[in-house]
Amino acid sequence: MKGVGMAESRRTFLSMTAAGLAAPLLQACGGGDSVAQPPLPTGAYPDYVPWMREAILDAIGTGDSAVSVALLDDDRIVYSEAFGYANRDTRLRAIVDTRMNIGSVTKIFTALAAMILRDRGRLSLDQPVVELMDDFSMRSPEFTKVTVRHLLNHSSGFPGTNYQQAINFAWLYGGYDTNTVNALSRSRLKHEPGELSVYCNDGFTLLGYLVERLSGQHYESFVQHELLEPLGMTHTEFLLNPAAERTFVHPVYQGRTLPEEFVAPLASGGIRSTPSDMMKLARLLLDRGVFEGRRIVSEGALYEMGQAAYARINPVAPSWRWGLGWDCVAQPGLEAAGLLAWKKGGDTTFFHSDFIVLPHARLAAMMINDSQFTGNRLAMLEGLLLRAAKDRALISAVPPAIAPVVPSLAAYPHDAVAVTGIYAREGPPIQVQEEADGTLSLRVWTPQGWITMEQGLRRRTDGWWWTDGVTDRNYSFSTMAGHRYLTRRVLAGSRLYWDEEPVAEWLPEAPTPLPVAWKNRLNTRWKGILYSPYSYESMLEPSTGAIGELAERPGYVMWNNAQLLRVINDDEAGMAVKIPVLAGRDLVELRMYKRDGQEFPIIGEWTVYRRDEQVGGS
Numbered sequence: 120m121k122g123v124g125m126a127e128s129r130r131t132f133l134s135m136t137a138a139g140l141a142a143p144l145l146q147a148c149g150g151g152d153s154v155a156q157p158p159l160p161t162g163a164y165p166d167y168v169p170w171m172r173e174a175i176l177d178a179i180g181t182g183d184s185a186v187s188v189a190l191l192d193d194d195r196i197v198y199s200e201a202f203g204y205a206n207r208d209t210r211l212r213a214i215v216d217t218r219m220n221i222g223s224v225t226k227i228f229t230a231l232a233a234m235i236l237r238d239r240g241r242l243s244l245d246q247p248v249v250e251l252m253d254d255f256s257m258r259s260p261e262f263t264k265v266t267v268r269h270l271l272n273h274s275s276g277f278p279g280t281n282y283q284q285a286i287n288f289a290w291l292y293g294g295y296d297t298n299t300v301n302a303l304s305r306s307r308l309k310h311e312p313g314e315l316s317v318y319c320n321d322g323f324t325l326l327g328y329l330v331e332r333l334s335g336q337h338y339e340s341f342v343q344h345e346l347l348e349p350l351g352m353t354h355t356e357f358l359l360n361p362a363a364e365r366t367f368v369h370p371v372y373q374g375r376t377l378p379e380e381f382v383a384p385l386a387s388g389g390i391r392s393t394p395s396d397m398m399k400l401a402r403l404l405l406d407r408g409v410f411e412g413r414r415i416v417s418e419g420a421l422y423e424m425g426q427a428a429y430a431r432i433n434p435v436a437p438s439w440r441w442g443l444g445w446d447c448v449a450q451p452g453l454e455a456a457g458l459l460a461w462k463k464g465g466d467t468t469f470f471h472s473d474f475i476v477l478p479h480a481r482l483a484a485m486m487i488n489d490s491q492f493t494g495n496r497l498a499m500l501e502g503l504l505l506r507a508a509k510d511r512a513l514i515s516a517v518p519p520a521i522a523p524v525v526p527s528l529a530a531y532p533h534d535a536v537a538v539t540g541i542y543a544r545e546g547p548p549i550q551v552q553e554e555a556d557g558t559l560s561l562r563v564w565t566p567q568g569w570i571t572m573e574q575g576l577r578r579r580t581d582g583w584w585w586t587d588g589v590t591d592r593n594y595s596f597s598t599m600a601g602h603r604y605l606t607r608r609v610l611a612g613s614r615l616y617w618d619e620e621p622v623a624e625w626l627p628e629a630p631t632p633l634p635v636a637w638k639n640r641l642n643t644r645w646k647g648i649l650y651s652p653y654s655y656e657s658m659l660e661p662s663t664g665a666i667g668e669l670a671e672r673p674g675y676v677m678w679n680n681a682q683l684l685r686v687i688n689d690d691e692a693g694m695a696v697k698i699p700v701l702a703g704r705d706l707v708e709l710r711m712y713k714r715d716g717q718e719f720p721i722i723g724e725w726t727v728y729r730r731d732e733q734v735g736g737s
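Residues in the sequence shown are numbered consecutively from 120, following this note's numbering.
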């Protein structure tokens, strides 16, 4: 699950204590202040503990971020510590048993639930969903080809995420999964099943629905009975009921302490836990499906979850080598040292987590933090695991960070004009423009107009476009299956690898001008309705939108100064691009619904809007 804030924060839909530190089980469980942590006793811990501790403390600074971390070595937790506050207003310190929302790390539990059902012969991975749910349908005829495997590796083609009351401040039980299935029945696929992999929360919501259908139990009951209870995960739970005050971290928004955050899409992101408790799940994975002598899931199922999936449009995206449930089954920061690692990240609106398991090295770690924390969580986890591996003599040294140098200019001529134009994505469009000196500039659209995001880009001998003096990012243009992509390459994690990812797709001119019906809707603003008073939208940020047109690409409908949609008819506009990985994650369709002489936009078949006179509706 990635978070909410409206557009951008939606997509991220995620106390120091020193006492009790002792080897071999290092566990922080009380005392201290977040910026005045007493030092650890000399010699009572491996070298990686003070390294990790210092990295977290430096990132926290004088702030009140809540952070929790744990490291598993074989079958023992060798480091566990919590930092910051569970409640900033009351100065209640976080301890290692304080729960935080783990967001999309929940998907590992959902994948395991599906694999348990496979072990029992209730489903097969390449079985079409319609064979398991004969009442499932979509408007694209290719929906019949969607398989269980497509749901597990994000290649189904579903639009993305149902955000209707996805994040709330009370448990609004009652039908999020059913609502999502119904919304899908009125939606089109954004690509053919298996054509590309792009992050999709709704696929896991449907998996949870399938678990219910096939098991005869509520999804959360099945996971509780088949996984949480056998693993003794007593500090892991679904967000179904208000928790005791001292057991969870309160989210913070613009300096305001909020009630607990409830995540409605349970199978996609609805679990709260602690890093220490999640190490029990890690033990199950390290022991190939057995926990304390009991077989929970087959070894073959875990093996299959750890195999990379390759779609037909398959960009180089090292951080996203999809497995079944896993974001990456060969995490590149660990791979740089010759270590195989499986990684899953999770974000809600207010919490963020990473869970990494090294199946051969028998190491695992997790870090969870609230949205106030600004440190590089992935770099810290990579550093912790690499130092633990060195301590175990699994590697001789921690690999050095890449020290890039801007390559020399390409000696051969190149046609910059060939790559210029408008590139569309889930977010605001990007304009690639050639300047008078032959360099390229990248500009991003805002309601105030175009703003430069990169300039002075020149093609270099490595085929990438670099800016003089900028060594941590560069760009390229590539064509895959007839689609031209703008790809960004950045130094990632601990700066041990380059991460490449398509960020937008070139959008051709529209074949026809906007129809009159759509022209009449331009420059109107709308406000989301049908929200509970406890929803994120009601309590913090109302959902608003606008219908417009981009001057550089007339003929497309622009929704909320971001997505460019192709006109289907006078009342429908659909997805216009296919972008793997993340930039095409939550593409939407726009449908105009008429009732009693009024029009109501419906986005993604889940959010209904009314004309908002207060924000400039006409």
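C-beta atoms are modelled at their ideal positions from N, C-alpha and C, and glycine is treated no differently.
I196, enclosing alpha helix (DSSP H) - first and last residue: Premise fails: I196 lies in the beta strand (DSSP E), 195-202, not in any alpha helix (DSSP H).
Three-way DSSP call (helix, strand, coil) for V368 in this model: coil
Contact set for D657: own chain, Cβ-Cβ below 7 Å, skip 5 residues either direction: According to the sequence displayed, residue 657 carries Ser and not Asp. The answer, listed in chain order, is Y650, S651.
Residues that DSSP places opposite R304 in a beta bridge: In the sequence as displayed, the identity of residue 304 is Ser instead of Arg. Paired residue(s): none; S304 is not in a bridge.
Pairwise C-alpha distance: E553 and T225: Spanning the two alpha carbons is a distance of roughly 45 Å.
Helix, strand or coil at T468 according to DSSP, with G and I counted as helix: coil
Bounding residues of the beta strand (DSSP E) (the contiguous stretch that carries G575): Following the DSSP letters along the chain, one finds G575 inside the beta strand (DSSP E) bounded by residues 568-578.
Neighbourhood of Y542 by C-beta distance below 7 Å, restricted to the same chain and skipping five residues each side: P548, I549, V551, L605, A623, E624, W625, L626
Limits of the unbroken beta strand (DSSP E) element including T225: From DSSP, T225 is part of no beta strand (DSSP E) but of the alpha helix (DSSP H) over 225-238.
Buried versus exposed call for G601 [16 or more other C-beta atoms within 10 Å across all chains shown]: exposed
Distance, Q246 Cα to I521 Cα: 44 Å
Classification of D705 by the beta-carbon crowding that lies within 10 angstroms, buried from 16 upward: buried
Those residues which DSSP pairs with F410 across a bridge: R413
Pick from A213, T376, E380 that is closest to N360, judged by C-alpha positions: E380
Cutoff 7 Å; reference A401; Cβ partners in own chain excluding five residues on either side: L191, V476, A483
Rounded separation between N272 and L244 - CA only: For N272 and L244, the distance between alpha carbons rounds to 11 Å.
N-terminal and C-terminal residue of the beta strand (DSSP E) that R685 is part of: 682-688
Bridge partners - E624, DSSP secondary structure assignment: A543, Y604
N- and C-terminal bounds of the alpha helix (DSSP H) containing P169: From DSSP, the alpha helix (DSSP H) with P169 extends over 167-179.
Extent of the continuous beta strand (DSSP E) run through L251: Run containing L251: none in the beta strand (DSSP E); it sits in the alpha helix (DSSP H), 248-251.
Alpha-carbon spacing of A512 relative to A480, whole angstroms: 10 Å
For G494 and H369, the rounded distance between their alpha carbons: 19 Å
Length of the line joining the Cα atoms of K638 and N680: Cα-Cα distance, rounded: 16 Å.
Close-in-space but distant-in-sequence residues of the same chain around Y372 (CB under 7 Å, 5 per side omitted): Correct list, in chain order: L659.
Where N320 falls: helix, strand or coil (DSSP): helix
Range covered by the alpha helix (DSSP H) that runs through A401: DSSP places A401 in the uninterrupted alpha helix (DSSP H) bounded by 394-405.
Simplified DSSP state of S187, which is helix, strand or coil: strand
Helix, strand or coil at F262 according to DSSP, with G and I counted as helix: F262 carries a helical assignment under DSSP once its states are collapsed to helix, strand and coil.
G182 (DSSP reduced to helix, strand or coil): coil
Inter-residue spacing [alpha-carbon to alpha-carbon] between P699 and A455: Looking at the two C-alpha atoms, the distance is approximately 24 Å.
Check whether L701 and Y318 have beta carbons under 8 Å apart: yes
8 Å Cβ cutoff, R714 in contact with chain E: The question asks about chain E, but that chain is absent: this structure has only one protein chain.
Three CB pairs or more closer than 8 Å across the segment 182-191 and the segment 202-210: Counting Cβ pairs under 8 Å, three or more are found: they touch.
Straight-line Cα distance separating G723 from R77: Only positions 120 to 737 of the chain appear in this structure, which leaves residue 77 out of reach.
Neighbourhood of R714 by C-beta distance below 6 Å, restricted to the same chain and skipping five residues each side: Excluding positions up to five away in sequence, the list is empty.
Residue from E628, A670, P523 whose Cα sits closest to the Cα of L615: P523
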